[in-house]
Amino acid sequence: MATVSFQQASRIYPKSERPAVDSLDLQIADGEFLVLVGPSGCGKSTSLRMLAGLEEVDSGSIVIGDRDVTDSPPKERDIAMVFQNYALYPHMTVEENMGFALKLAGISKDERATRVREAAKILDLSDYLSRRPKALSGGQRQRVAMGRAIVRNPQVFLMDEPLSNLDAKLRVQTRTQIAALQRRLGTTTVYVTHDQVEAMTMGDRVAVLKDGVLQQCDTPGVLYDRPANVFVAGFIGSPAMNLVTGDAVDGGVQVGSAVLPVPRDQLTRAAASNGKVTVGFRPEAVRLTGPGEGLPVRVNVVEQLGSDAFLYTSLADAPDDVLHSADLVVRTEPRTPVASGQQLWLGTDHGALHVFDAQTQQRVD
Amino acid sequence: MTIASGTVREAAIAAPPPAPAATSPARPRKRRQLTRNRWGYAYVAPFFLVFAAFSLYPFMYTAWVSLHETSLSNINGGTWVGLDNYRNLLQSEFFWNAARNTLTIGILATVPQLCMALGLAHLLNYKLRGRTFFRTVMLMPYATSIAAATLVFSQLFGREYGLINTMLEAVGLQAIDWEAGTVSSQVAIAVIVTWRWTGYNALIYLAAMQSIPGELYEAAEIDGASKWKQFLHVTIPSLRPTILFTIVVSTIGAVQLFGEPLLFAGNGTTSGGSSGQYQTLGLLMYQQGWSNFHIGQAATTAWAMFMIILVIVGVNAVIGRLRARADR
Ligand SMILES: Nc1ncnc2c1ncn2[C@@H]1O[C@H](COP(=O)(O)OP(=O)(O)O)[C@@H](O)[C@H]1O
Ligand SMILES: [Mg+2]
């Protein structure tokens, strides 16, 4: 068990001018489940591999527990990693795969067998110990990869998109199992995913990365309720937050012919850079109002999910240049009698507006 | 099995529903498959024609010749002796001498060759500067003619002015009469073979190594495996089928070893040294047929070599099959 910290850690791949990970600062508490999330290519894997010792750290440092491991090889870091494609040794049985690290560490055969069997029981792999990876299903392979990590009882678990090769249903099941297992073992875990739903459901805290730069690191609740900038606002949540940009006018932000009300003080600070303000509101924070009241929109598609319905709409009177995002998504009660092509008016809940400086993209409260 | 059943199922889908077969249903299906696959047969036919003309026919003809007492000039007119040639061969001390030499030279050449190839491939698999250069250099011996290479090597191994003896003497050791001794001549020939084939095998290993996913090495590294343990526990097991393949190919080459011992003494005699100390089966066959004019006996030796190869390949196949089964 240990804390982990990235201190101004950067990685610049040879022959690339932009750092893949740029001055990453991140403190992870002992026993915490931290999720690194961001779009593909944002530097999640690189960050994780820097922590694993598989990737050089060009500047800054990485500390596990109270030991600076920046220049230590992987095996001296007391970490275990679960790879995206599992990286199971194809010629070894499940038991040998899980016991390999113990064998290299010189642990006796009996002790090895006990520990592997214990882990196999937790992961429901007891019946497959003598099989080879080839003869396992995707889900079983994934569990063997997990097993290989937990038998070692390391200080830190590292997982790089371990669920991305599973089908949708199994992914949802397994993500709860992994989260539960981590809480039970209490091992500090850094988990990488591009899927924000996975991040939000699994993590104690979630760190959002973009282009190698940390955008925000906080609990899922805070990320959702108070995104630090436009990127996080748009990335976290499904369907995504509606974001529109317009001029600051008296009483709010001009969007098409309507004005979204923003308190004066907040508006002044948000418009300080260039007079434009980005406003965001989540699909569930939108109400249908009466004709002529609020934002006029036209319904493009109605998506019935059973528990709720989503209306995909676009502003009815939008001059093109005003819009950040042309589409507005609205959550309504299921079976609301709305048809595509219909014109509606939207109002936002009081206090549900997120306000950002359109220039700096930063949140303004 | 799976392929065949897949084809049948596909055929059932692709073809219009067949008219209910009143008689035996198996027969029309077979014929339909034949016609369905006729282009496949047409495309492989040239290979089998060439194979029949240049492999199968000489093969059977050799077998037929081996049952006769005859010489090259009268190859179709010899007297039928049945299995006499085979009996003679098995009782001939020359045959057993040549067989023993072939075996020892084969081991001396193949084992170090494949081990070195594995090591070289492992080194070349690292991101070295000038990798392409090294790979080309490694293939050069393979591209050299046996005659030229053997000529150079026989000079290196020369008794009086050979470079190797000069060096041995320079460090205070005794010069060796390489060609005269049994062990020394066989070692020298094994060196030539090794020199010629190591790079070739290394490139085969290298190609196989490059298809091993890098993640496996990273996983092993995190599991605490040193570079050597990674080689042992990741590289070697992944290369097992390739290693088996190179063993088979090298063994076949070793059984047929001919050019190097023929030219080693520099005069192209088939006796393999004054006391036959490095006469291989290939040399013996040539001696029987072309120096002693017993082409029937030579054909017998050729068949014996073929049988040896069959046995070796068969044993390898069985080992491979057993391993594959154990892997499942
Ligand atoms: N070995 C490498 N050499 C050069 N550039 C790389 C290498 N690996 C990743 N990159 C680059 O670094 C950036 C971050 O990659 P990565 O950490 O794999 O992203 P993620 O895991 O978030 O999808 C990408 O722009 C990618 O192209
Ligand atoms: Mg990645």
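Same order as they appear, the protein sequences are chains A and B.
Note that our numbering has the first sequence beginning at 1, numbered continuously upward.
Note that our numbering has the second sequence beginning at 366, numbered continuously upward.
All C-beta atoms in this analysis are idealised placements derived from N, C-alpha and C, irrespective of residue type, glycine included.
#1: For leucine 315 of chain A versus glycine 256 of chain A, is the C-beta distance shorter than 7 angstroms?
#2: Roughly how many angstroms separate the alpha carbons of glycine 495 of chain B and valine 476 of chain B, rounded to a whole number?
#3: For arginine 132 of chain A, I'd like the list of residues in its chain whose CB is within less than 8 angstroms of its CB, leaving aside the five on either flank, ordered along the chain.
#4: Mind listing the chain A neighbours of glycine 589 of chain B? Cutoff is C-beta to C-beta under 7 angstroms, in chain order.
#5: Please output, in chain order, the residues near ligand 3 using a CB cut-off of less than 5 angstroms to any non-hydrogen atom of the ligand.
#6: Within the continuous beta strand (DSSP E) that includes valine 279 of chain A, where are the two ends?
#7: Hey, is alanine 584 of chain B's beta-carbon within less than 7 angstroms of any beta-carbon in chain A?
#8: Taking any Cβ of chain A, which residues in the stretch 597-616 of chain B have a Cβ under 8 angstroms from it, in chain order?
#9: For leucine 581 of chain B and chain A, any beta-carbon pair shorter than 7 angstroms?
#10: I want to know whether the stretch 607-614 of chain B touches the stretch 539-549 of chain B - three or more CB-CB distances under 8 angstroms.
#11: Using beta carbons (cut-off 7 angstroms, strictly below), is phenylalanine 157 of chain A in contact with chain B?
#12: Decide yes or no for the touch test of the stretch 637-653 of chain B against the stretch 409-421 of chain B: beta carbon pairs closer than 8 angstroms, at least 3 of them.
#13: Any idea if arginine 141 of chain A is buried or exposed, counting beta-carbon neighbours within 10 angstroms, 16 or more meaning buried?
#14: Using CA coordinates, which residue listed in A/Leu163, A/Leu170, A/Cys217, A/Arg205 is at the minimum distance from threonine 193 of chain A?
#15: If we cut at 7 angstroms on Cβ distances, does leucine 36 of chain A have a partner in chain B?
#16: Taking 7 angstroms as the threshold (beta carbon to beta carbon), is valine 322 of chain A in contact with chain B?
#17: So which residues of chain A does lysine 594 of chain B contact, with C-beta pairs closer than 8 angstroms?
#18: The alpha helix (DSSP H) that contains aspartate 150 of chain A, what's its start and end?
#19: Which residue marks the beginning of the alpha helix (DSSP H) containing cysteine 42 of chain A, and which one marks its end?
#20: Given this structure, state the Cα-to-Cα distance separating valine 69 of chain A from arginine 77 of chain A, to the nearest angstrom.
#21: Compare the Cα-Cα distances from histidine 350 of chain A to each of A/Val302, A/Thr332, A/Ser23, A/Gly280 and report the closest residue.
#22: Starting from alanine 105 of chain A, follow the alpha helix (DSSP H) in both directions and report where the run begins and ends.
#23: Leaving aside the five residues before and after lysine 276 of chain A along the sequence, list all residues of the same chain whose C-beta is less than 8 angstroms from its C-beta, in chain order.
#24: Compare the Cα-Cα distances from alanine 270 of chain A to each of A/Phe231, A/Phe356, A/Met202, A/Thr219 and report the closest residue.
#25: Using three-state DSSP, classify threonine 245 of chain A as helix, strand or coil.
#26: Does any C-beta atom of chain B lie closer than 7 angstroms to the C-beta of alanine 20 of chain A?
#27: Under 7 angstroms, Cβ to Cβ, is there at least one residue of chain B near phenylalanine 83 of chain A?
#28: Taking the straight line between their C-alpha atoms, what separation do you get for threonine 509 of chain B and tyrosine 526 of chain B?
#29: Shorter than 7 angstroms from the beta carbon of leucine 54 of chain A to some beta carbon of chain B?
#30: Starting from serine 615 of chain B, trace the alpha helix (DSSP H) both ways and give me its first and last residue.
#31: For tryptophan 593 of chain B, is the classification buried or exposed, using 16 other Cβ atoms within 10 angstroms of its Cβ as the cut-off for buried?
#32: Return no unless some Cβ of chain B is closer than 7 angstroms to the Cβ of alanine 309 of chain A.
#33: Taking Cβ positions, are glycine 147 of chain A and leucine 123 of chain A nearer each other than 7 angstroms?
#34: Over the uninterrupted beta strand (DSSP E) stretch that includes glutamine 216 of chain A, give me the two end residues.
Once the coordinates are examined:
#1: yes
#2: 28 angstroms
#3: Pro90, His91, Met92, Thr93, Val94
#4: Lys75, Ala101, Leu104, Ala105
#5: No copy of ligand 3 occurs in the structure displayed; its ligands are ligand 1 and ligand 2 alone.
#6: 276-281
#7: yes
#8: His598, Val599, Pro602, Ser603, Arg605
#9: yes
#10: no
#11: no
#12: no
#13: buried
#14: A/Leu163
#15: no
#16: Caution is warranted here: a pLDDT of 48 is assigned to valine 322 of chain A, below 50, making its placement in the model unreliable, and the coordinate value is therefore given only provisionally. It does not: the Cβ of valine 322 of chain A has no partner Cβ on chain B nearer than 7 angstroms.
#17: Leu104
#18: Just to set this straight, residue 150 of chain A is isoleucine in the shown sequence, not aspartate. Unbroken alpha helix (DSSP H) run through isoleucine 150 of chain A: 138-150.
#19: Here cysteine 42 of chain A belongs to no alpha helix (DSSP H), and DSSP marks it neither H nor E.
#20: 7 angstroms
#21: A/Gly280
#22: Unbroken run through alanine 105 of chain A: none, as it is neither H nor E.
#23: Thr245, Gly246, Asp247, Ala248, Ala358, Gln359
#24: A/Phe356
#25: strand
#26: no
#27: yes
#28: 24 angstroms
#29: yes
#30: 601-620
#31: exposed
#32: no
#33: yes
#34: 213-218
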